[in-house]
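Have a look at the structure below, then the notes.
There are 2 protein chains.
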Amino acid sequence: MSASEKIWTAGLVIIGDEILSGRTHDKNIAQIASWLQVQGIRLSEVRVVPDVQKRIVEAVNALREAYDYLFTTGGIGPTHDDITVDAVAQALGVDVIVHPTAREILERYYADKGGVTEARLRMARVPEGAELIPNRMSGAPGIKLGSVHLMAGVPHITAGMLDALTGALEGGKPLLTETVGCWTPESEVADILREVEKAHENCQIGSYPFFRDGKVGANFVVRSTNDEDLKNAVESLRDGLANAGFEVTPGGI
Amino acid sequence: MSASEKIWTAGLVIIGDEILSGRTHDKNIAQIASWLQVQGIRLSEVRVVPDVQKRIVEAVNALREAYDYLFTTGGIGPTHDDITVDAVAQALGVDVIVHPTAREILERYYADKGGVTEARLRMARVPEGAELIPNRMSGAPGIKLGSVHLMAGVPHITAGMLDALTGALEGGKPLLTETVGCWTPESEVADILREVEKAHENCQIGSYPFFRDGKVGANFVVRSTNDEDLKNAVESLRDGLANAGFEVTPGGI
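Keeping their order, the protein sequence lines are chains A and B. Using our numbering, the first residue of the first sequence is number 1, and each one after it goes up by one. Using our numbering, the first residue of the second sequence is number 254, and each one after it goes up by one.
As structure tokens, then:
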């Protein structure tokens with residue numbers, strides 16, 4: 001495999017009792033996954049763990065060893081339950097320090113908002129050796145140390161940090177996808193899907209059934225890193241479905 | 254700790270390239286988490302893994318050993334990418350068989366829909382020794398083998414399977430929660446939160462900041478298995494916030 005064919009991978013650790021309690025619907029998986037796709041990086045695993053330092057350390061170490069990049073979301077705010085910085089520092093075996101630039105950013109941000117209290121200063125704490133990820137939405141920056149990226153839990157703040165990282169991470173060829181939809185139960189076309197995938201080595205086909213407006217249907221997502229292979233597989237799939245009498249919706253339903 | 258104080262825990266493995274690609278927004282974490290809460294079971298960890306048998310086996314084995322119950326979502330349909338049954342059977346070291354009742358259910362369901370094809374019969378395959386979880390939404394049942402529960406990936410079908418399991422799993426005291434909101438940056442009240450949590454041993458306080466209608470605010474979620482302890486902690490928190498001049502919204506914002 002040549003260097004250009006390397007598949008870059010990422011893991012994501014979501015730190016959040018609020019997700020595990022069902023109180024908050026996670027939006028960061030989809031947001032980070034979509035952003036990574038554009039960077040040519042595949043999200044390969046997500047773990048959601050509670051706000052417990054030992055559990056965060058375990059997840060961070062497991063995923064940073066398994067994948068090229070690690071992202072975390074949540075737990076970098078000013079309150080007592082924000083323990084991600086401590087957990088990541090422990091996982092990496094480094095101290096926690098106050099980052100001088102982060103302190104300056106917070107001092108500027110809070111100048112007319114009551115100043116930097118001890119609680120707010122918690123948001124300037126980073127694992128030693130870390131850089132900051134700018135955050136245009138609020139005072140507190142994200143944190144980057146080697147392959148590890150600590151992001152906010154609040155989705156619109158995470159989005160601002162992702163913007164700041166756009167184009168900064170090395171990735172590979174983006175995974176190309178094309179979707180074909182059918183208003184049919186996927187069980188009726190399972191053989192066609194299997195045969196088309198088998199005939200097109202560099203492509204995978206995912207089948208995603210749904211139930212909408214009282215009818216069942218499915219979208220078939222063809223994936224490949226090669227544009228030509230993708231086109232051929234999609235053509236085979238559309239022909240196969242059409243020849244078997246199924247009405248095909250290009251682009252998916 | 255007496256038997257009645259046992260905290261029952263669950264892990265969830267989400268099998269889904271479509272979640273990891275960002276194409277589909279997961280709804281099952283929140284749905285299953287909320288349902289488990291009502292059963293007196295805490296969702297303690299979630300892993301999202303791709304449609305790769307080895308990865309599913311690893312995640313299933315890790316979480317079924319760590320927690321009282323394991324749930325999986327996704328990959329139990331009729332197509333080539335539905336490999337959860339095979340993966341779970343491998344993880345448990347049992348064979349895959351066709352469940353006679355599942356076959357009957359499918360034969361009834363598909364009687365006027367073209368009959369049970371080979372692809373559809375895939376949905377009657379179970380790890381040997383498994384029971385079925387009824388599914389009133391479509392033909393294919395969920396699967397239960399000991400502590401392991403295989404559920405659909407499509408959220409409304411998962412919901413039907415959860416209904417069928419309601420009251421069937423042993424749990425402990427449900428975790429009680431009460432929420433208090435404030436239109437204030439959480440950094441302004443971090444000290445109050447920390448002190449109240451410290452003073453109320455059996456309670457945890459989570460702080461969940463948000464940005465809405467151009468203003469920042471936060472909800473503080475107090476959790477305890479003891480009703481009295483919860484009430485006392487919530488009262489302390491409301492008093493603490495009010496005494497410091499913050500307007501409190503009972504029930505959260």
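Ideal Cβ placement from N, Cα and C applies to all residues, glycine included. Nothing here was measured: the structure is a model prediction, and the numbers come from that model.
Can you confirm whether the region 432 to 451 of chain B touches the region 273 to 286 of chain B when touching is taken to mean that 3 or more C-beta pairs between the two stretches lie within less than 8 angstroms?
Fewer than three Cβ pairs drawn from the region 273 to 286 of chain B and the region 432 to 451 of chain B lie within less than 8 angstroms of each other, which leaves the two stretches out of contact.
CA-CA distance, A89(A) and R122(A)?
On the first sequence, position 89 is the one that residue 89(A) refers to. On the first sequence, position 122 is the one that residue 122(A) refers to. Their backbone Cα atoms lie some 14 angstroms apart in a straight line.
Can you name, in chain order, every residue of its own chain whose Cβ lies under 8 angstroms from the Cβ of T84(A), other than the five neighbours on each side?
As a first step, residue 84(A) is located in the first sequence; it is residue number 84 there, counting from the start. Contacts found: I15, I56, T72, G74, G75, I76 and L150.
For the alpha helix (DSSP H) containing H200(A), name the first residue and the last one.
Taking the first residue of the first sequence as 1, we reach residue 200(A) at position 200. Run containing H200(A): none; DSSP gives neither H nor E here.
Could you name the residues of the same chain whose beta carbon sits closer than 7 angstroms to that of D339(B), not counting the 5 residues immediately before and after it, in chain order?
By one-based count along the second sequence, residue 339(B) stands at place 86. Q306 and V349.
Find out if the Cβ-Cβ distance for the pair E439(B), A486(B) is shorter than 8 angstroms.
Start at 1 with the first residue of the second sequence, and residue 439(B) comes out as number 186. Start at 1 with the first residue of the second sequence, and residue 486(B) comes out as number 233. No. Outside cutoff.
Give the straight-line distance between the Cα atoms of K426(B) and Y110(A), rounded to the nearest whole angstrom.
On the second sequence, residue 426(B) is found 173 positions in, with the first residue counted as 1. On the first sequence, residue 110(A) is found 110 positions in, with the first residue counted as 1. Distance between the alpha carbons of K426(B) and Y110(A) is about 43 angstroms.
Are the C-beta atoms of T354(B) and some chain A residue less than 8 angstroms apart?
One-based indexing of the second sequence puts residue 354(B) at position 101. Taking Cβ atoms only, chain A never reaches closer than 8 angstroms to T354(B), which makes this a no.
Return the residues of the region 200 to 212 of chain A that lie within a Cβ-Cβ distance of less than 9 angstroms from chain B, sorted by chain order.
Q204, I205, G206, S207, Y208, P209, F210 and F211
Please classify T419(B): is it buried, with 16 or more other beta-carbons within 10 angstroms of its beta-carbon, or exposed?
For the purposes of this step, residue 419(B) is identified with residue 166 of the second sequence, where counting begins at 1. With fewer than 16 other Cβ atoms within 10 Å, it is exposed.
Given a cut-off of 8 angstroms on the beta-carbon distance, is the pair G493(B) and T432(B) in contact?
Sequence index remark: in the second sequence, residue 493(B) carries index 240 (1-based). Sequence index remark: in the second sequence, residue 432(B) carries index 179 (1-based). No, Cβ-Cβ distance for G493(B) and T432(B) is not below 8 angstroms.
Compare the C-beta of S477(B) against all C-beta atoms of chain A and say whether one is closer than 8 angstroms.
Here the question's residue 477(B) lines up with position 224 in the second sequence. Answer no: the Cβ-Cβ gap between S477(B) and chain A never drops below 8 angstroms.
Drop a sphere of 10 angstroms on the beta-carbon of D335(B), count the other beta-carbons inside from all chains shown, and report buried for 16 or more, exposed for fewer.
The count along the second sequence starts at 1 and reaches residue 335(B) at position 82. Burial call: buried.
With a threshold of 16 other CB atoms inside 10 Å of the CB of N496(B), please say whether the residue is buried or exposed.
To locate residue 496(B), count along the second sequence from 1; it is residue 243. The residue is exposed, with fewer than 16 neighbouring Cβ atoms inside 10 Å.
Per the DSSP calculation, W261(B) is bridged to which residue(s)?
In the second sequence, residue 261(B) corresponds to position 8, counting from 1. Looking at the DSSP assignment, W261(B) forms a beta bridge with I294(B).
So, with DSSP's three-state summary, where would you put G77(A)?
Here residue 77(A) is taken as the residue at index 77 of the first sequence, counted from 1. Of the three classes helix, strand and coil, the one that applies to G77(A) here is coil, per DSSP.
Look up R465(B) in the DSSP assignment and say whether it is helix, strand or coil.
As a working note, residue 465(B) is residue 212 in the second sequence. R465(B): strand per DSSP, three-state reduction.
Listed in chain order, which residues of the region 52 to 77 of chain A have Cβ atoms closer than 9 angstroms to some Cβ of chain B?
R55, A59 and G77
Partner residues on chain A for Q290(B), Cβ-Cβ distance less than 8 angstroms
Residue numbering aside, residue 290(B) sits at position 37 when the second sequence is read from its first letter. Result: S21 and G22.
Sequence ranges, alpha helix (DSSP H) only - wholly within the region 331 to 387 of chain B, length at least 4:
DSSP runs (the alpha helix (DSSP H)) wholly in the region 331 to 387 of chain B: 337 to 345, 353 to 362 and 371 to 374.
Put V234(A) into one of helix, strand or coil per three-state DSSP.
The sequence position of residue 234(A) within the first sequence is 234, counting from 1. Helix at V234(A).
Does T277(B) come out as helix, strand or coil in the three-state DSSP assignment?
For this step, residue 277(B) is matched to residue 24 along the second sequence. Correct three-state label for T277(B): coil.
When the Cα of Q290(B) is compared with those of E107(A), N28(A) and D17(A), which residue comes out closest?
Locating residue 290(B) in the second sequence gives position 37, counting from the first residue. Closest option to Q290(B), judged by alpha-carbon separation, among E107(A), N28(A) and D17(A): D17(A).
Contact set between D26(A) and chain B, taken where Cβ atoms lie within less than 7 angstroms:
For the purposes of this step, residue 26(A) is taken as the residue at position 26 of the first sequence. In chain order: D279 and I282.
Could you tell me the distance, in whole angstroms, from the CA atom of V248(A) to the CA atom of I205(A)?
For the purposes of this step, residue 248(A) is taken as residue 248 along the first sequence, with counting starting at 1. For the purposes of this step, residue 205(A) is taken as residue 205 along the first sequence, with counting starting at 1. Answer to the nearest angstrom: the Cα atoms are 15 angstroms apart.
Once the 5 residues before and after S489(B) are set aside, which same chain residues still bring their CB inside 7 angstroms of it?
Taking the first residue of the second sequence as position 1, residue 489(B) is located at position 236. The residues are V449, A452 and H453.
Could you tell me if K113(A) is buried or exposed, where buried requires 16 or more neighbouring beta carbons within 10 angstroms of its beta carbon?
The count along the first sequence starts at 1 and reaches residue 113(A) at position 113. Answer is exposed; the Cβ neighbour count stays below 16.
Which residues in the same chain have their Cβ closer than 7 angstroms to the Cβ of L273(B), if we skip the five residues on either side of it in sequence?
Taking the first residue of the second sequence as position 1, residue 273(B) is located at position 20. Result list for L273(B): V301 and P303, in chain order.
From this set, S224(A), L63(A), G214(A) and I41(A), which residue's C-alpha is nearest V13(A)'s C-alpha?
On the first sequence, residue 13(A) is found 13 positions in, with the first residue counted as 1. Out of S224(A), L63(A), G214(A) and I41(A), L63(A) has the C-alpha closest to the C-alpha of V13(A).
Find out if the Cβ-Cβ distance for the pair V567(B), F499(B) is shorter than 8 angstroms.
Only positions 254 to 506 of chain B appear in the structure, and residue 567(B) is not among them; the question remains open.
Do you know offhand how far Q292(B)'s Cα is from H352(B)'s?
Here residue 292(B) is taken as the residue at index 39 of the second sequence, counted from 1. Here residue 352(B) is taken as the residue at index 99 of the second sequence, counted from 1. Approximately 28 angstroms between the Cα atoms of the pair.
Presumed contact (8 angstroms Cβ cut-off) between G11(A) and L70(A), rounded CB distance:
Here residue 11(A) refers to the residue found at position 11 when the first sequence is read from its first residue. Here residue 70(A) refers to the residue found at position 70 when the first sequence is read from its first residue. Confirmed, about 5 angstroms.
Let me check one thing: in DSSP terms, what residues is E431(B) bridge-paired to?
Numbered from its first residue, the second sequence carries residue 431(B) at position 178. Beta-bridge pairing links E431(B) to V475(B).
Please tell me whether T101(A) and L132(A) are closer than 8 angstroms, where the distance is taken between their beta carbons.
On the first sequence, residue 101(A) is found 101 positions in, with the first residue counted as 1. On the first sequence, residue 132(A) is found 132 positions in, with the first residue counted as 1. Yes, the Cβ-Cβ distance between T101(A) and L132(A) is below 8 angstroms.
Per the DSSP calculation, V13(A) is bridged to which residue(s)?
Your numbering for residue 13(A) matches position 13 in the first sequence. V13(A) is bridged to R47(A) and T72(A).
Simplified DSSP assignment, three categories, for S187(A)
In the first sequence, residue 187(A) corresponds to position 187, counting from 1. Helix at S187(A).
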